[in-house]
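There are 2 protein chains.
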Amino acid sequence: MLDRRNLIVLFAICLCMVLSPRPSLAARPRPNQSVMAELIKSYGPSYVVEPVVTQSRPSPEAYASLRNMFFRYEESKALGSDLQLNERELQANQIIMATKMQEYNEGLITPHLFKPSQHFFKVLENIKATDLFRYMSAMPKGAVLHAHDTAIGSTEYLIKLTYRDNLWVCQNVGGLEAESLVFSKNQPAQSSDSDCTWSLMSDVRTKYGGNAVDEYLAERLTLFPTTKFDDNNAAWQQFMTIFSLVNGLLFYAPVWADYYYNALEEFLADNVQYVEFRTTLPVLYDLEDTQYTEVDTVRIYVETLKKFKDAHSDFIGSRMIYAPLRNTNGSVVSDYIKTLLTITELYPDFVAGFDLVGQEELGRPLKEFISELLAVPESIDFYFHAGETNWYGSSVDENLIDAVLLGTKRIGHGFALVKHPFVLEMLKKLNVAIEVNPISNQVLQLVTDFRNHPCSHFFADGYPVVISSDDPSFWKATPLSHDFYIAFLGIASAHSDLRLLKKLALNSIRYSSLTVDQQYDALSKWQPKWDAFIEYVITGTQRSAAPSLKLA
Amino acid sequence: MLDRRNLIVLFAICLCMVLSPRPSLAARPRPNQSVMAELIKSYGPSYVVEPVVTQSRPSPEAYASLRNMFFRYEESKALGSDLQLNERELQANQIIMATKMQEYNEGLITPHLFKPSQHFFKVLENIKATDLFRYMSAMPKGAVLHAHDTAIGSTEYLIKLTYRDNLWVCQNVGGLEAESLVFSKNQPAQSSDSDCTWSLMSDVRTKYGGNAVDEYLAERLTLFPTTKFDDNNAAWQQFMTIFSLVNGLLFYAPVWADYYYNALEEFLADNVQYVEFRTTLPVLYDLEDTQYTEVDTVRIYVETLKKFKDAHSDFIGSRMIYAPLRNTNGSVVSDYIKTLLTITELYPDFVAGFDLVGQEELGRPLKEFISELLAVPESIDFYFHAGETNWYGSSVDENLIDAVLLGTKRIGHGFALVKHPFVLEMLKKLNVAIEVNPISNQVLQLVTDFRNHPCSHFFADGYPVVISSDDPSFWKATPLSHDFYIAFLGIASAHSDLRLLKKLALNSIRYSSLTVDQQYDALSKWQPKWDAFIEYVITGTQRSAAPSLKLA
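Line by line, the protein sequences give chains A and B.
Number 614 in the working numbering belongs to position 534 of the first sequence; there are no gaps in the numbering.
Number 460 in the working numbering belongs to position 380 of the second sequence; there are no gaps in the numbering.
Following this line, the structure appears as structure tokens:
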């Protein structure tokens with residue numbers, strides 16, 4: 081096999097021979113020099129007056145080898161192409177590619193049935209039934225690096241939580257519609273800014289029947305099944321009402337710990353071994369009116385994580401990015417940073433860095449908080465959301481530039497990056513990863529057909545990408561497997577294979593906030609699962625070496 | 081003003097100072113060397129074990145000037161940024177940008193009302209009512225370089241043609257539905273592959289009423305108002321039925337000449353002064369059973385063009401690209417090429433080159449005709465359709481590579497180019513223009529929201545782009561102004577201004593098949609219109625220097 085450098089040199093030589101600029105023999109007379117001079121004078125040097133390059137035609141044989149080299153060179157630029165698969169991996173690759181190409185080729189015949197061309201809500205169950213999803217699910221995918229803590233537990237688990245004692249629900253008159261939830265010994269006081277009235281959830285279940293309430297909640301706690309909102313603002317509005325409903329449920333201190341523990345369990349079951357989540361760090365509450373602070377929230381996380389790791393030796397770990405709401409002013413951001421410093425000092429192993437969250441388009445752009453952000457010590461890292469928009473040239477779009485200039489370690493979303501080739505160049509140079517959340521982008525109305533997702537470009541040109549799931553709970557997705565299915569079948573090239581998948585898993589560790597030594601340990605927990613996965617693909621059975629490898 | 085090279089150098093220096101890789105002081109200990117070695121061994125050198133770059137934070141002042149430079153550098157890469165506007169142009173630019181930003185800013189508040197975020201059919205009339213469209217319409221846009229000859233005349237004119245004597249229509253029983261049209265002295269023979277029956281169009285008008293027939297035809301001759309087809313195959317199917325209906329009408333020799341003459345008139349009225357169209361070169365017919373050949377079709381074009389140019393001194397001209405159907409085999413392609421040689425020899429000033437047309441996805445890819453295409457003499461140029469697809473990695477997608485390797489002068493569509501960064505690089509190096517047809521791409525179901533059109537990337541990175549209209553008649557669009565409106569407001573950055581518009585007009589001449597001397601003459605017809613346009617924008621009135629500048 082030609083090594084990459086030789087390939088490129090060889091290719092460059094051939095290309096120069098064949099495609100070198102030379103005017104064609106007949107059609108294009110050399111232009112009059114005074115005409116050229118005048119054109120340049122009127123329309124600038126960019127009005128290049130040289131005739132468009134004319135090429136000499138190669139022989140069919142020369143063409144065929146040139147073409148072959150072009151394809152190999154193009155492929156060598158794609159994400160994952162630098163990985164060398166071993167023999168077992170090559171075998172597994174054949175099986176996975178056959179599975180992928182079957183779906184792809186069916187899609188060529190009936191494009192409207194191709195799952196990644198449709199809205200996720202229409203196909204999420206069908207996806208689960210595919211062989212390809214079975215592989216995506218069984219594959220150890222490494223880490224989730226972009227997820228919001230109150231949107232990572234399954235709907236089923238959320239509903240289970242609503243069966244706990246002392247839960248009250250605030251409803252509008254005469255219907256099931258729930259506005260907020262809260263745990264309380266007694267009926268909560270009527271809020272001044274809402275007409276809803278409080279009842280015990282248990283009473284509501286008695287009145288409407290448990291099934292009806294559960295069914296209502298199952299819909300109310302996700303964006304499902306609405307595929308078309310007026311626009312992304314409308315989608316976000318609906319999206320935010322879910323957060324405000326779950327908040328009262330989750331911010332209850334005993335639930336907070338359990339919810340996190342359960343989410344880690346669900347992620348591990350989906351073969352995700354490390355979770356780096358964003359949190360607004362809510363102040364928790366309980367029935368005893370205990371006065372909690374943000375520090376307690378972090379403490380509960382750390383304690384719960386310890387418990388979880390003790391019980392799951394194959395789990396790598398979890399860290400948090402403090403990511404409070406961006407729709408605020410500079411003085412509040414300064415307060416955020418004080419909190420950030422406090423928690424980083426207390427829990428340096430758990431706090432990975434800082435971000436700001438909330439719909440970029442309606443919040444404040446990074447540029448408004450530059451002086452506050454520059455005051456953050458250099459030892460604390462940024463992981464900014466940026467470019468989750470399709471408004472090219474807006475202040476939101478420009479967050480991409482500020483994120484890079486502020487030294488962000490990763491870009492959250494970066495949907496608008498194709499509109500900023502120089503930012504892209506910088507990302508490669510500075511090795512800043514792009515956290516791509518395919519399903520989130522579709523549900524929140526940035527893209528309709530996944531085949532047009534800008535991540536195709538990132539894959540093609542080998543940008544450092546990690547695939548993540550953002551808020552899987554709110555779109556009824558599995559913790560990460562659905563996003564991998566979409567990325568692999570719908571966004572990547574038909575030719576992208578196991579090397580891309582492996583690269584995405586490796587990237588998720590590589591671009592995590594873990595130190596290199598920690599990454600080494602992390603990979604030593606990932607590698608046996610990967611080996612077992614390869615055997616599973618080849619033989620269809622699970623090897624004992626990977627105890628928690630759960631097959632869908 | 082800093083010149084571009086100085087700006088870049090200055091910028092690079094600052095960037096290196098601020099963003100140079102250096103490990104942060106506290107958080108990231110240098111990794112253990114043996115760990116690094118082992119990671120590289122297991123996961124390849126690409127698993128770069130250096131910690132992700134940590135940057136030192138600049139002062140707010142340094143940040144502000146760095147940011148400013150970043151923006152200026154980014155802007156300097158965008159298409160049109162190299163043009164220097166004169167004083168009058170700067171004045172006009174302010175007015176045009178105010179008009180653009182009003183629509184853009186309204187869009188930020190109510191995205192679902194932003195016209196480029198919607199389907200063109202829903203907004204085409206509203207667009208016409210905007211001030212911005214008025215400017216797009218009045219602007220001398222140079223040339224249309226991508227249009228198909230039987231889809232460039234307005235529906236109104238097509239209907240007018242159906243009033244001519246001896247026109248027969250083949251209808252299914254009991255309805256208006258028309259399957260084909262043909263001019264004939266007597267009732268045409270029943271076709272064996274259809275059940276429709278022939279009636280004189282004049283009789284049908286008497287039977288159903290002229291208005292009813294005209295209304296039916298107005299709908300039947302466009303894809304309007306269907307905004308959502310099952311998929312792009314379904315859209316293409318419907319699209320092809322329009323071609324098959326108009327063919328019988330247009331291939332009638334006397335109509336052929338008149339249709340072309342009228343189309344040139346409509347394009348000129350829309351301030352398009354040059355038209356480089358693709359044609360399948362149909363063999364024409366008349367009532368006298370004259371035996372026509374492809375050469376006659378070209379001859380009629382050339383004669384008609386001469387007549388048109390004699391009557392319109394401000395018109396630059398028109399050339400044809402011979403572009404027969406791709407859904408065929410190699411031996412037919414060889415026949416195509418014989419025809420190509422014949423017509424090129426007879427009409428070297430009118431025949432610009434060669435292409436293949438028809439839905440790429442259902443036709444044959446270029447790679448199947450390599451040996452035939454390589455046999456074409458180097459003096460004849462290619463202008464290939466390529467990448468009009470969202471199937472990444474399919475054989476259609478790969479047409480982009482063959483088009484470049486075959487030495488195409490321009491790429492027709494290139495919708496899939498963002499998935500081929502190396503092809504993009506080659507286009508820049510070889511100065512091959514991309515013919516972007518925004519509305520066509522949406523109507524034929526490749527993109528829904530124009531803000532996601534890949535041409536944003538081409539604009540941002542300064543690729544040689546021309547904006548064209550493909551088949552404006554079939555989507556009830558003006559010859560070019562609607563596509564310019566969409567490109568300028570919906571695809572380009574909010575910051576893109578008159579320089580982009582001027583560049584697009586210049587590019588359309590620059591990347592035409594005209595020789596440099598001809599381009600010089602072309603620009604001497606374009607420049608006075610441009611000057612008049614600038615005055616019109618500033619003063620709101622038309623200058624006499626540009627006789628045919630028609631304001632919408």
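Quick reminder that beta carbons are idealized off the backbone N, C-alpha and C, glycines included.
query: Cut-off 8 Å between Cβ atoms - residues of its own chain near Gln-318(B), not counting five sequence neighbours on either side; result: Leu-303, Thr-306, Phe-309
query: Pairwise C-alpha distance: Ser-234(A) and Phe-200(A); result: 17 Å
query: Close Cβ partners of Ala-337(A) (< 6 Å) along its chain, the five nearest in sequence each way excluded; result: Ile-380, Thr-384
query: Cys-250(B) in three-state terms, based on DSSP; result: strand
query: Check whether Leu-297(A) and Asn-246(A) have beta carbons under 9 Å apart; result: no
query: Stretch-stretch touch, CB-based, cutoff 8 Å, three pairs: the segment 488 to 499 of chain B with the segment 164 to 176 of chain A; result: no
query: Under 9 Å (Cβ pairs) to chain B, residues found in the segment 136 to 151 of chain A; result: Ser-136, Arg-137, Pro-138, Ser-139, Pro-140, Tyr-143, Ala-144, Leu-146, Arg-147, Phe-150, Phe-151
query: Cβ pair Asn-407(A), Gly-438(A) closer than 9 Å; result: yes
query: Assigned secondary structure, Asp-461(B) (DSSP; H/G/I helix, E/B strand, else coil); result: strand
query: Minimum Cβ-Cβ distance from Tyr-416(B) to chain A less than 9 Å; result: no
query: Member of Ser-548(A), Ala-540(A), Phe-530(A), Arg-244(A) whose CA lies at the smallest distance from the CA of Gly-328(A); result: Arg-244(A)
query: Exposed unless 16 or more other CB atoms sit within 10 angstroms - verdict on Ser-145(B); result: exposed
query: Neighbour-count burial assignment, Asn-148(B), 16 or more Cβ in a 10 Å radius; result: exposed
query: Residues bridged to Phe-263(A) (per DSSP); result: Leu-247(A)
query: Coarse secondary structure for Arg-406(B), derived from DSSP in three states; result: coil
query: Leu-330(A) and Arg-300(A) closer than 9 Å at C-beta; result: no
query: The segment 273 to 288 of chain B: positions lying closer than 8 Å to chain A by Cβ; result: none
query: Per-residue DSSP class, three states only, for Leu-105(B); result: Residue confidence is low: Leu-105(B) scores 34 on pLDDT, short of 50, so the model does not pin down where it sits. No coordinate-derived value is stated.
query: Per-residue contacts from Thr-528(A) into chain B (C-beta, under 7 Å); result: Thr-528
query: Residues that His-537(B) contacts on chain A, provided the C-beta gap is smaller than 8 Å; result: Val-498, Lys-499, Pro-501, His-537
query: Contact the segment 572 to 579 of chain A vs the segment 470 to 479 of chain B: 3+ CB pairs below 8 Å; result: yes
query: Candidates Val-546(B), Glu-356(B), Ile-614(B), Asp-529(B): closest to Leu-586(B) by CA position; result: Val-546(B)
query: Inter-stretch contact (C-beta, 8 Å, three-pair minimum) for the segment 599 to 610 of chain B and the segment 217 to 225 of chain B; result: yes
query: Closest residue to Asn-112(B) among Tyr-127(A), Val-596(A), Asn-409(A) (Cα-Cα distance); result: Val-596(A)
query: 7 Å CB neighbourhood of Val-375(B) in its chain, flanking five on each side removed; result: Thr-422, Ile-423, Leu-426
query: Counted within 10 angstroms of its Cβ, other Cβ atoms place Ser-114(B) as buried (16 or more) or exposed; result: exposed
query: Proximal chain B residues relative to His-575(A), where beta-carbon distance stays under 8 Å; result: Gly-473
query: Within-9 Å CB hit, Lys-447(B) to chain A; result: yes
query: Proximity below 9 Å, CB of Leu-560(A) to CB of Gly-160(A); result: no
query: Coarse secondary structure for Leu-348(B), derived from DSSP in three states; result: helix
query: Cut-off 8 Å between Cβ atoms - residues of its own chain near Tyr-341(A), not counting five sequence neighbours on either side; result: Thr-384, Lys-387, Phe-388
query: Member of Phe-151(B), Gly-433(B), Ser-156(B) whose CA lies at the smallest distance from the CA of Arg-579(B); result: Ser-156(B)
query: Counted within 10 angstroms of its Cβ, other Cβ atoms place Ser-405(A) as buried (16 or more) or exposed; result: One point to set straight first is that residue 405(A) is Leu, not Ser, in the sequence displayed. With fewer than 16 other Cβ atoms within 10 Å, it is exposed.
query: Boundaries (first-last residue) of the beta strand (DSSP E) holding Arg-490(A); result: 490 to 493
query: Pair within 9 Å by beta-carbon distance, Val-203(A) and Thr-242(A); result: no
query: Beta-carbon neighbours of Ile-491(A), restricted to chain B and to distances below 7 Å; result: Correct list: empty, because the minimum Cβ distance to chain B is about 12 Å.
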